[in-house]
Amino acid sequence: MVDVSVIIPIFNGSHWIDNCFEHILLQTCIEQLIIEICICNDSSTDDTLESLYKWKKIFSKKNVHLKIFQNSSSDPGGVGYAKNRAVEISTGEYLCFQDVDDLMLPNRILEQYNTIKEIGDNYIIGSKFKRIPENSTVRYTSWANNLTNEQLNLQIYTANGPTVIMPTWFLNRAIFDSVGGFSEAGKGTPEDLIFFYKHLDLGGKIYRVNETLLIYNYHMNAATHSIHEDTIWSLRIIKLQRDKINNWKSFTIWNAGRQGRKLYKSLFPENQSKVLAMCDVDHNKIGRFYTPYDEISRRNCTPIKIVHFQEAQPPIIICVKMHLTNGEFEENLESLHMKEGSDYIYFS
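Be aware that the sequence shown starts at -14, since it is given in the working numbering, and climbs by one per residue.
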């Protein structure tokens, strides 16, 4: 039986294939585990297919089977479609997801395989990563690489998306089957976040290997740039309400500005009525009121008082971006001596 299937969706990826596959050949696990490479060539119009057949021969010399699903349609099915087709032709007990424009470091597969064998199969296993170009997405990279194991399962509502990045995912096939695969809604769909949330809803857990196992490439042609912020916002707000707010009697929104007001307007009416106050540090707002306007009835709603953050009553939903105020926000939050997850939730 195959131990690990490396799952790679490709659309016009010939520019990246050689470097990506060379790094797979350097995996330390090749002599210890049975691995296979499973590709969906999603209607590529470049010479991706020719490159794949070249590499099929190269991998076979290392006793690694490269399988190809060819989408013969003139229209690409999208990232979710391509991942699902690649998984369908795979036979491995574990699935290791890889994007063709990223590079796995030599110990990646073995480290993640040993980790999941040690902690159990109910996890999506991620890892730390190195971002290239070096100074791209500095705040995001720092956030993702420095979350504690507890925060991996708490900071799931932020705009950053999954707390372990998709190109580092390693999981048991049974998890993929339980979730039902990736959304195939096509371009602009955050299929990784949808999968991530379904996994958590089913009682799944998240774990990160605290070693850098991937070089994560940032470029403007990446599929993630086609996803609209409002699409992700809708998924986040629905999960936040289902997981947390529906069970609360009242709560405070930290941010009386645009993001806090957007959060309020996005809530179900029954949850809007639970908002005790908004809190802020801006003395021009503190002591005033935010008066929501109902577009349907064309009437003002009940005014919401804006208080100083030190007066905020938990639980608190935080709509302030992290690491943007030279540590001032983080110091203010720490001064309240509250516990993340029970007293406050990040929605920034």
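Where a beta carbon is used, it is the ideal one built from N, C-alpha and C, also for glycine.
Treat the numbers as computed from the prediction; the structure is a model and nothing was measured.
Beta-carbon proximity check, Pro152 vs Val64, cutoff 8 Å: It is not a contact, given that the beta carbons lie outside the stated cut-off.
Three-way DSSP call (helix, strand, coil) for Gly242 in this model: Judged by DSSP in its simplified three-state form, Gly242 adopts coil rather than helix or strand.
Buried versus exposed call for Glu73 [16 or more other C-beta atoms within 10 Å across all chains shown]: In summary, Glu73 is exposed, with fewer than 16 beta-carbon neighbours lying within 10 Å of its beta-carbon over all protein chains present.
Residue ranges of each alpha helix (DSSP H) within the stretch 66 to 107, 4 or longer: You should have 93 to 104.
Beta-carbon separation (whole angstroms), Pro61 vs Asp27, contact threshold 8 Å: Taking a contact as a CB-CB distance under 8 Å, the pair Pro61 and Asp27 counts as one, their CB atoms being some 5 Å apart.
DSSP state of Ile179 mapped onto helix, strand, coil: Correct three-state label for Ile179: helix.
Limits of the alpha helix (DSSP H) - the one that Glu255 falls within: Counting along the chain, the alpha helix (DSSP H) containing Glu255 begins and ends at 254 to 257.
Among Asn120, Asn134, Phe114, Glu169, nearest to Ile108 - alpha-carbon criterion: Looking at the sequence shown, residue 108 is not Ile but Tyr. The shortest C-alpha to C-alpha distance from Tyr108 to any of Asn120, Asn134, Phe114, Glu169 is the one to Asn134.
Distance, Ile330 Cα to Gln226 Cα: Rounded to whole angstroms, the separation of the alpha carbons of Ile330 and Gln226 is 12 Å.
CB of Ala71 within 8 Å of CB of Cys23, strictly: Yes, Cβ-Cβ distance for Ala71 and Cys23 is below 8 Å.
Residues bridged to Ile109 (per DSSP): For Ile109, which the question treats as bridged, DSSP gives the partners Ile191.
Inter-stretch contact at 8 Å, needing at least 3 Cβ pairs: the stretch 256 to 265 / the stretch 236 to 245: When Cβ pairs closer than 8 Å are counted between the two stretches, the stretch 256 to 265 is seen to touch the stretch 236 to 245, the count reaching three or more.
Integer Cβ distance of Ile9 from Asp(-12), believed to fall under 8 Å: Actually they do not touch by this definition, with Cβ atoms about 14 Å apart.
Inter-residue CB distance, Glu168 and Ile179 (contact presumed, cutoff 8 Å): One point to set straight first is that residue 168 is Ser, not Glu, in the sequence displayed. About 5 Å separates the two Cβ atoms, so the contact holds.
Reference Leu248; option with closest CA among Met89, Asp186, Ala144: The shortest Cα separation from Leu248 among Met89, Asp186, Ala144 belongs to Ala144.
Cβ-based neighbour list, Val(-9), same chain, cut-off 6 Å, excluding 5 preceding and 5 following: The residues are Ile22, Cys81, Gln83.
Three-state secondary structure assigned by DSSP to Leu156: Judged by DSSP in its simplified three-state form, Leu156 adopts strand.
Length of the line joining the Cα atoms of Ala116 and Phe155: Checking the displayed sequence, the identity of residue 116 turns out to be Arg instead of Ala. Distance between the alpha carbons of Arg116 and Phe155: 19 Å.
Other residues of its chain near Ser251: CB distance less than 6 Å, five sequence neighbours each side excluded: Closer than 6 Å at the Cβ level, and outside the excluded window around Ser251, lie Ile222.
Alpha carbon of Thr197 to alpha carbon of Tyr142, nearest angstrom: Rounded to the nearest angstrom, the two C-alpha atoms are 24 Å apart.
Minimum C-alpha distance to Val164 - residue among Val49, Lys183, Ala170: That would be Lys183, whose Cα lies nearest to the Cα of Val164.
Residues near Cys264 by beta carbon distance below 6 Å, same chain, minus five either side: Residues of the same chain with a CB within less than 6 Å of the CB of Cys264, apart from the 5 flanking positions on each side, are Thr237, Trp239, Val292, Phe294, Ala297 in chain order.
Among Leu187, Gly166, Leu95, nearest to Leu18 - alpha-carbon criterion: With distances taken between Cα atoms, Leu18 lies closest to Leu95.
Candidates Ile289, Glu103, Val266, Asn285, of which the one nearest Glu315 by Cα: Nearest C-alpha to Glu315: Val266.
Spatially closest choice to Asn48 from Thr30, Cys14, Ala67, Asn69, by CA coordinates: When each option's Cα is compared against that of Asn48, the closest is Cys14.
Nearest-angstrom beta carbon gap, Pro288 and Tyr275 [assumed within contact, 8 Å]: Right, their Cβ atoms sit about 7 Å apart.
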